[in-house]
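Sequential numbering from 1 applies to the sequence shown in the UniProt record's numbering.
Positions of the beta carbon are idealized from the N, C-alpha and C atoms, including for glycine.
Owing to the predicted nature of the structure, the values given are computational and were not obtained by experimental measurement.
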Amino acid sequence: VIFSSVNFFLSLYRFQACVYFASVFQAMSCGIHYLASVFMAVTPNFVCGIPGNVSNILFYNSSESSMEHIWTLWTSTENYIVVQLENGEIWELNQCSRSKREVSLDLAYEYKGNKSIFSCSDGFIYDDTKWKSTVVTQWDLVCDREWLAKLIQPTFMLGVLIGAVIFGDIADRLGRQRVIWFASAGQFVFGVAVAFTFDYYSFMIVRFLLAMVSSGYLVVAFVYVTEFVGIKARTWASMHVHAFFAMGIMIVALVGFLVRTWWVYQIFLSIATLPFVLCCWMLPETPFWLLSEKRYEDAQKVINIMARWNKVSNPCKVAELYSIQQDDLDSGGMGDNDTSSAKKHNILDLFCNWQIARRTITVWLIWFTGSLGYYVFSLSSVSLGGNEYLNLFLIGAVELPCYIIACIGMDKLGRRNTLIPFLILSALICVLIMFIPQDYNILIVLANMAGKFSVGVAFGLIYLYTAELYPTIVRSLAVGSGSMMCRVGSVVAPFCVYLRSVWIFMPLLLVGIVALLSGILTIMLPETLGKPLTNTLVEATEIGRKNKSHSGKTPPGQSGAASEKIEMLGPETVSTEK
């Protein structure tokens with residue numbers, strides 16, 4: 001595993017390596033903001049505010065003079081606290097109501113007499129032994145306002161969904177470089193602005209904008225790095241973007257452990273990747289986008305810079321490559337396939353026949369399952385018992401090896417043969433966790449790590465697998481629609497986690513069911529390892545049938561001469577051994 005990972009980094013040339021690491025470094029910021037709410041929006045123990053000066057506090061048989069000592073004894077939301085005021089009144093403080101005892105002769109915990117029930121008009125008292133301040137305590141998002149707190153993460157994920165669509169389209173129109181500049185600066189600006197919001201609604205609006213730019217950066221960064229690295233390193237490059245995202249989750253755990261005031265916590269998280277914001281303007285536009293926009297001189301400048309960094313003495317000339325492509329078109333490139341490509345395609349083409357439709361439904365379910373499982377395991381990690389900061393750190397750390405395993409499995413076993421066992425394994429782990437006694441905290445955390453590992457492998461390889469399952473004419477549409485299902489899963493995941501209040505294992509049950517169903521349906525998908533990319537829906541349908549071999553055909557989905565030569569801007573371009 002270590003050798004394979006090192007081999008990937010060595011396969012990157014100097015220029016591509018610098019661009020790659022500069023780009024994926026900011027992906028940590030995306031992981032940070034995606035999971036920041038697990039500590040920022042935590043709800044501590046609380047009771048109704050005290051309507052006066054207190055002389056004595058009683059909790060069961062324990063009498064204390066301050067609330068700090070009471071919180072160490074608090075075990076359930078059904079508990080209540082009895083307080084005696086200086087004027088002799090005795091009150092019972094519950095979480096969402098308080099009652100005044102009509103007869104206040106003796107201070108006792110149990111009371112059978114008449115009570116007058118009042119609302120929490122004096123606010124609430126929160127347990128600040130662990131967190132000095134959260135957004136819940138800042139704006140009293142409890143009791144009848146609890147639903148506002150539960151909207152924080154789903155609303156963020158909705159912003160992620162919308163941002164992916166908007167910035168993906170803008171990147172195709174204005175270029176990858178400009179979107180990376182804007183999105184990375186936006187993450188810093190909106191991230192810091194969240195800490196200075198003055199009420200709940202401004203907090204939600206700024207967080208929504210932060211979600212949009214974070215999602216936009218992550219989507220465009222995938223495209224940006226894959227357009228700069230060569231074909232041999234492309235799979236590993238895309239996988240390691242996920243790894244940097246996981247490192248962002250680990251940073252959330254570390255900062256959450258060190259900083260216990262939500263707005264200071266948010267500022268520290270936002271400035272974690274400030275060095276990239278200061279130098280991202282140095283990143284160049286990709287030659288592929290420049291060529292697609294017919295900006296040949298600009299593309300040649302970038303190619304010359306790449307060649308100079310990589311010590312290539314004779315870089316390719318854009319004019320020569322363009323003339324080669326024109327010759328290819330003149331010699332018959334505008335055949336039936338190209339006529340088909342020119343046709344406008346829509347989402348209905350993913351259901352053009354029963355085989356493609358079944359494939360689309362399965363792929364969409366896998367995308368949904370991967371995202372749902374990923375965020376359910378991540379968001380619920382702080383509720384597993386034990387040290388919640390260590391739990392989240394481990395849940396993030398377990399992703400680092402899982403993407404390496406995914407790459408090796410894809411290359412050695414195949415896409416489908418790697419996907420099926422890990423989907424089914426994640427379902428079995430969800431069932432196994434249900435049978436682990438709740439006081440076995442270490443075993444529960446390890447099992448959740450195994451579940452996150454299994455889902456992470458499936459989540460990581462579905463990007464490439466989807467691209468290989470569909471022909472060129474609808475490939476972007478297939479990956480884009482799958483990504484939309486992924487975002488839907490991320491929006492649903494927080495609500496799924498909230499079902500713990502109904503039954504503690506309900507989130508795991510739902511993830512296990514969809515993971516098992518996905519694993520079974522994946523058996524009917526074709527294997528794409530070693531198969532050429534298809535160009536038409538007829539060819540894509542054929543790869544799902546038995547005894548159909550494409551081994552003698554030239555991959556129809558490969559890029560043209562320009563793409564191939566630009567990707568080879570490394571030392572071997574002029575090597576006499578090759």
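Inclusion of Ser378 and Gln187 in the CB contact set at 8 Å is not warranted, their separation being larger than that value. With 16 or more other Cβ atoms from the protein chains shown falling within 10 Å of its own Cβ, Val225 counts as buried. Pairwise C-beta distances place the region 412 to 427 out of contact with the region 480 to 497, as fewer than three of them are shorter than 8 Å.
Non-local beta-carbon contacts of Arg358 in its own chain, meaning distances under 7 Å to residues more than five positions away in sequence, involve Met524 in chain order. Going by beta carbons, Ala171 and Val220 fall inside the 8 Å limit.
In the structure shown, Ser133 falls within a strand segment according to DSSP collapsed to helix, strand and coil. Exclusion of the five residues before and after Gln84 leaves Ser55, Asn56, Ile90, Leu107 as the residues of its chain whose Cβ lies within less than 6 Å of its Cβ. At the C-beta level, Val302 and Glu285 come within 8 Å of one another. The region 439 to 485 is shown to contain no whole beta strand (DSSP E) run of 3 or more residues. In terms of Cβ geometry, Arg101 and Tyr111 form a close pair [threshold 8 Å]. Here Ala246 is near Leu400, since their CB atoms are less than 8 Å apart.
For Leu161, the closest of Met410, Ile436, Glu146, Leu210 by C-alpha to C-alpha distance is Leu210. Proximity to Ile32 across Phe244, Pro471, Lys317 peaks at Phe244, based on C-alpha coordinates. Within the DSSP bridge table, the entry for Cys48 names Phe124 as partners. Burial state of Trp367 is buried, judged by a 10 Å Cβ sphere holding 16 or more other Cβ atoms. Assignment of Asn79 by DSSP, reduced to helix, strand and coil, places it in the coil class. Taking a contact as a CB-CB distance under 8 Å, the pair Tyr374 and Gly248 does not count as one, their CB atoms being some 14 Å apart. Excluding residues up to 5 positions away in sequence, Cys48, Gly49, Cys96, Ser97, Arg98, Cys143 lie with their Cβ nearer than 8 Å to the Cβ of Cys120 in the same chain. Every alpha helix (DSSP H) stretch that sits fully inside the region 232 to 291 and reaches 4 residues is listed by chain position as 262 to 270, 274 to 279. Distance check between Val241 and each of Met506, Phe453, Gln26 places Gln26 closest, using alpha-carbon atoms only.
For the pair of segments examined, the region 507 to 527 was found not to touch the region 391 to 408: the number of CB pairs separated by less than 8 Å stays below three. Ile361 counts as exposed, since fewer than 16 other C-beta atoms from the protein chains shown sit within 10 angstroms of its C-beta.
In the structure shown, Trp503 falls within a coil segment according to DSSP collapsed to helix, strand and coil. Beta bridge pairing from DSSP links Phe59 with Ser62. In the structure shown, Ile429 adopts helical secondary structure according to DSSP, grouped into three states.
Distance between Asn417 and Glu527, taken at the CA atoms: about 8 Å. One Cα belongs to Leu58, the other to Thr134, and the distance between them is close to 27 Å.
Annotated as proximal: Met306 and Phe15, with beta-carbon spacing under 8 Å.
Residue environment: Arg415 is assigned as buried (16 or more neighbouring CB atoms within 10 Å of its CB, all protein chains considered). Here the alpha carbons of Leu93 and Phe257 stand approximately 30 Å from one another.
Distance from the CA of Phe268 to the CA of Phe182, rounded to the nearest whole angstrom, comes to 21 Å.
By the C-beta density criterion, Met282 is exposed, having fewer than 16 other C-beta atoms within 10 angstroms. For Glu539, no pairing in a beta bridge is given by DSSP. In this structure, the straight-line span from the alpha carbon of Gln153 to that of Val492 is close to 10 Å.
Here Pro507 has Val376, Ser380, Cys496, Val497, Leu499, Arg500 as same chain residues with Cβ atoms under 7 Å from its own Cβ, once five neighbours each way along the sequence are excluded.
Under the DSSP assignment, Arg178 falls outside any beta strand (DSSP E), being part of the alpha helix (DSSP H) whose first and last residues are 176 to 195.
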